[in-house]
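Under the numbering used here, residues 6 to 143 are what the sequence shown spells out, in order.
Note that beta-carbon positions come from the ideal geometry of N, C-alpha and C, so glycine has one too.
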Amino acid sequence: MNQHASLSQNGYVVFLRLLALLGMAWGIGYWLRLIGWHTGPDWRFDTMTVAWRVAACTLAVLYPFAASGLWMLASWGTVLWFCAAGIELTMYLVFPGEFGARPLIVTLHLLVILLYAAWRFQMMHEARKHRRAEVEQS
6 MNQHASLSQN GYVVFLRLLA LLGMAWGIGY WLRLIGWHTG PDWRFDTMTV
56 AWRVAACTLA VLYPFAASGL WMLASWGTVL WFCAAGIELT MYLVFPGEFG
106 ARPLIVTLHL LVILLYAAWR FQMMHEARKH RRAEVEQS
């Protein structure tokens, strides 16, 4: 981490890296289900419904790539994570009959979105304050 960065910037880096670890764990979880390593009745690819096949394959690819991007602090990592979170939110909020209700995952995604927005707003506010201070000094 940059020693000249603010506390909120360093915290943001830690937040993104923790989110990357979570995303990688979720991606691995989807892969384990796809290959049949899960004990659930419909958690093997050949026994899943078509909707679950599409969702599980998509998320099994998106989450690890998003995690890689988040870990590298690349902007595309955040975009991919938002896509994966959006897919899961749609699955569990719009189609609960097909995918079931997962209130913990929905709550976690919404919490992460709020934290992300708050952090970005704080860093934007700090940058604006810093620019104003530079203008006043010159």
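So, is residue 135 buried or exposed, given that buried needs 16 or more other C-beta atoms within 10 angstroms? exposed
Beta carbon of residue 154 nearer than 8 Å to that of residue 36: There is simply no residue 154 to check, as the chain begins at 6 and stops at 143 in what is shown.
Extent of the continuous alpha helix (DSSP H) to which residue 58 belongs: 55–76
So, for residue 25: in the same chain, excluding its five sequence neighbours on each side, which residues have a beta-carbon less than 6 Å away from its beta-carbon? 72, 75, 76
Let me know if residue 129 comes out buried or exposed under the rule of 16 or more other beta-carbons within 10 Å of its beta-carbon. exposed
DSSP beta-bridge partners for residue 137? BP columns for residue 137 are empty, so no partner.
Within the same chain, show all residues whose beta-carbon is closer than 7 Å to that of residue 11, passing over the 5 residues directly before and after it, in chain order. 131
Between 141, 142, 143, 22, which lies nearest to residue 80 when the distance is taken from Cα to Cα? 22
Apart from the five residues just before and just after residue 31, which ones in its own chain have a Cβ nearer than 7 Å to its Cβ? 68
Within the continuous alpha helix (DSSP H) that includes residue 31, where are the two ends? 12–39
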